Amino acid sequence: MKIDISAEIGYQIEVDINLSNELKRISRNHPRILLIVSETVKDIHSKKLDEIDINHVRFLVVPDGEYSKSIETLEAIWQKLGEENFTRSDAIVAIGGGATTDVAGFAAATWLRGISWYAFPSTLAGAVDAAIGGKTGINSHFGKNLIGSFYSPRYVGIDLDLISTITQRDLNAGMAEVIKTGFIGDKEILNILESNPQIQVSNLTSNTTSSARDTMAQLIFLSSQVKARFVSADFKEGKLREALNYGHTLGHAVERYSIYKLRHGEAVSIGLYFAAKLSSKYLGLKKELVELHDKLLVKYELDTTLNNSSIFPNRDLNREKLISDFIGFMKIDKKSRGDQIRFVGIRDVEKIDWIENLDENQISDLLGECFFE
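1308 is the number of the first residue of the sequence shown in my numbering; add one for each residue after it.
Right, dumping it as structure tokens:
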């Protein structure tokens, strides 16, 4: 299953590929390859990586999760590229979650002002979101993804055998991004999620007879197709592509406030429910669609309010302090203009709009409703 993306270059996303075969194909096109893998990929897929018998491939292991999106990791990649004399004919290949593809893509964008790179996401969130669209970067002390570039991969390959080894918690977190794409771009995704039981990681291996693997492949394909459509229409996020950040204005603030103890999708789940509530109040989104957000997110064991979150730190902070902190975080969201916080909302499924010009009291009131209901 292939999807074409038209950005600053044209490239393909391909779902249900064989990683080893694709690495061999890519290796024929470049004198040297730096294979960047996350610690988890190295540990779980060491046998698969050992099978890569290509003498011009060099390996570099980076930390898992958001901690890899740092200047220290970036410098380690630059150091390796320099030691191995990488030129513009060479390439970077990233195998890992969204954080791994983000930092690897940014390294590719900045080395010699740009060398080729390829993404093989190993998580559901990476497969439907982070690896697609060319947004690469690292985090700053001031917020998530504030340092980066738009720099597309040459190819995105999704091997379901990689996805089948993630934890159930990571699959559930990735489903937040799938649910998001359904609301902003394809109601068929919502129909599939409603009509099928919760997908279990144990049913995704290639040797099972469950239909879950086929359902997962379909959800990844449809979600990737939605993202490809927005990226192709607005590569550098003029405004339309901001729709992909539905739920992310608050989600990024929650993620940062948790000191990244929450998965990205777990934080986005809270942001999605908040965005649905905003949309109901200011854009006329029907109550049943707000409830559908909650139903689908809870189906994948995701919290929709901080009040329900059992893993969120400092839950006993007072209401006013918590709300004030989140408003401060949201002011440096990439969609904000000056001190004005802007939100992506929806009037209906597949009907996007923007919520602007709210004052802090209006935002505070709704945060209070969502967090302490």
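No residue lacks a Cβ here, since even glycine has one placed at the ideal position from N, Cα and C. Computed from a predicted model, the values in this text were never measured in an experiment.
>> Checking 7 Å against the spacing of the C-beta atoms, do Gly-1464 and Phe-1427 come in under that value?
In response: Going by C-beta atoms, Gly-1464 is nearer than 7 Å to Phe-1427.
> Looking at C-alpha atoms only, which residue of Met-1308, Ala-1560, Val-1656 and Val-1605 is the closest neighbour of Asn-1452?
Replying inline: The shortest CA-to-CA distance from Asn-1452 to any of Met-1308, Ala-1560, Val-1656 and Val-1605 is the one to Ala-1560.
> In its own chain, which residues sit with a C-beta less than 6 Å from the C-beta of Gln-1475, not counting the 5 before and 5 after it?
Replying inline: Within the same chain, Gln-1475 has close Cβ partners Val-1508.
> Residues in its own chain within less than 6 Å of Ile-1618 by CB, not counting five upstream and five downstream?
Replying inline: Residue placement at Ile-1618 is poorly supported in this model, since its pLDDT is 48, which falls under 50; the coordinates still yield a value, given next. Closer than 6 Å at the Cβ level, and outside the excluded window around Ile-1618, lies no residue.
>> Only counting the same chain, and skipping five residues up and downstream in sequence, which positions put a Cβ closer than 7 Å to that of Ile-1378?
In response: Take Ile-1378, set aside five residues on each side of it, and the residues of its chain with a beta-carbon closer than 7 Å to its own are Ile-1445, in chain order.
> Touch check for the region 1388-1405 and the region 1431-1441: three-plus C-beta pairs under 8 Å?
Replying inline: In short, these stretches touch, since the Cβ pair count reaches three.
> Should the region 1525-1535 be called in touch with the region 1488-1496, which here means at least 3 C-beta pairs below 8 Å?
Replying inline: Counting Cβ pairs under 8 Å, three or more are found: they touch.
> Taking the C-alpha atoms as reference points, what is the distance between Thr-1347 and Leu-1469?
Replying inline: Cα-Cα distance, rounded: 11 Å.
> In terms of residues, what are the limits of the alpha helix (DSSP H) holding Glu-1501?
Replying inline: For Glu-1501, the enclosing alpha helix (DSSP H) covers residues 1494-1502.
> Is DSSP giving Ser-1313 helix, strand or coil here?
Replying inline: Ser-1313 sits in a strand when the DSSP states are folded into three classes.
> Mind checking Gly-1572: buried by the 16 CB within 10 Å criterion, or exposed?
Replying inline: Buried.
> Rounded to the nearest angstrom, how far is the Cβ of Leu-1330 from that of Ile-1399, given a contact under 8 Å?
Replying inline: The pair is not a contact, with the Cβ atoms about 13 Å apart (cut-off 8 Å).
> What are the partner residues of Glu-1676, as DSSP defines its beta bridges?
Replying inline: Looking at the DSSP assignment, Glu-1676 forms no beta bridge with any residue, so it has no partner.
> Glu-1390: which of Leu-1367, Gly-1372, Asn-1362 and Asp-1371 sits nearest, CA to CA?
Replying inline: For the residues Leu-1367, Gly-1372, Asn-1362 and Asp-1371, the minimum Cα distance to Glu-1390 belongs to Leu-1367.
> In the structure shown, what three-state DSSP assignment does Gly-1489 receive?
Replying inline: In the structure shown, Gly-1489 adopts helical secondary structure according to DSSP, grouped into three states.
>> Can you tell me where the alpha helix (DSSP H) holding Val-1364 begins and where it ends?
In response: Per DSSP, Val-1364 is not a residue of any alpha helix (DSSP H); the beta strand (DSSP E) it occupies stretches across 1364-1369.
> Ser-1423 to Arg-1339, Cα distance in whole Å?
Replying inline: For the pair Ser-1423 and Arg-1339, the Cα-to-Cα distance works out to about 11 Å.
>> With three or more C-beta pairs closer than 8 Å as the rule, is the region 1475-1485 touching the region 1505-1524?
In response: A contact is defined here as three or more CB-CB pairs under 8 Å, and the region 1505-1524 meets this definition with respect to the region 1475-1485.
>> Taking the alpha carbon of Arg-1520 as the reference point, which residue from Val-1322, Tyr-1318, Ile-1316 and Asp-1311 has its own alpha carbon closest?
In response: Measuring from the Cα of Arg-1520, the nearest candidate turns out to be Val-1322.
>> Looking at chain B, is there any beta carbon in it that lies within less than 7 Å of the beta carbon of Lys-1451?
In response: Given the protein chain composition of this structure (a single chain), no chain B is represented.
> In angstroms, rounded to a whole number, what distance separates the CA positions of Ile-1324 and Val-1369?
Replying inline: So the alpha carbons of these two residues sit roughly 24 Å apart.
>> Within a Cβ cutoff of 8 Å, which residues of the same chain sit near Lys-1584, ignoring the five residues on either side of it in sequence?
In response: These residues qualify, in order along the chain: Val-1597, Leu-1673, Glu-1676 and Cys-1677.
>> So if DSSP puts Pro-1428 in a beta bridge, which residue, or which two residues, is it bridged to?
In response: Note: Pro-1428 sits in a beta bridge opposite Gly-1403.
> Could you give the distance in angstroms between the alpha-carbon of Ser-1429 and the alpha-carbon of Arg-1649?
Replying inline: Spanning the two alpha carbons is a distance of roughly 32 Å.
>> Across the region 1539-1546 and the region 1574-1581, are there enough close Cβ pairs to call them in contact, namely three or more that are closer than 8 Å?
In response: As far as the Cβ criterion goes, the region 1539-1546 does not touch the region 1574-1581, which means the pair count is below three.
>> Could you compute how far the alpha carbon of Ala-1480 sits from the alpha carbon of Ile-1486?
In response: Answer to the nearest angstrom: the Cα atoms are 10 Å apart.
>> Going by DSSP in three states, Asn-1664 sits in which element: helix, strand or coil?
In response: DSSP places Asn-1664 in coil when its eight states are reduced to three.
>> Helix, strand or coil, according to DSSP, for Thr-1443 in the structure here?
In response: It is a strand residue.
> Nearest CA to the CA of Tyr-1458: which residue from Gly-1440, Asp-1466 and Leu-1467?
Replying inline: It is Gly-1440 whose Cα lies nearest to the Cα of Tyr-1458.
>> Using the Cβ count rule (16 or more neighbours within 10 Å means buried), how would you classify Lys-1534?
In response: When all chains shown are included, Lys-1534 counts as buried.
> Taking the alpha-carbon positions, what's the Phe-1633 to Ser-1671 distance?
Replying inline: Looking at the two C-alpha atoms, the distance is approximately 9 Å.
> Which residue from Lys-1354, Glu-1373 and His-1352 puts its Cα closest to that of Arg-1563?
Replying inline: Distances from the alpha-carbon of Arg-1563 to those of Lys-1354, Glu-1373 and His-1352 put Glu-1373 closest.
> Count the other CB atoms within 10 Å of the CB of Phe-1490; is the residue buried (16 or more) or exposed (fewer)?
Replying inline: Per the 10 Å Cβ criterion, buried.
>> Can you tell me whether Lys-1588 is helix, strand or coil according to DSSP?
In response: Reduced to three states, the DSSP call for Lys-1588 is helix.
> In whole angstroms, what separates the C-alpha of Tyr-1589 from that of Thr-1612?
Replying inline: Taking the straight line from one Cα to the other gives about 20 Å.
> On the three-state DSSP scale, how would you describe Tyr-1564?
Replying inline: Three-state result, Tyr-1564: helix.
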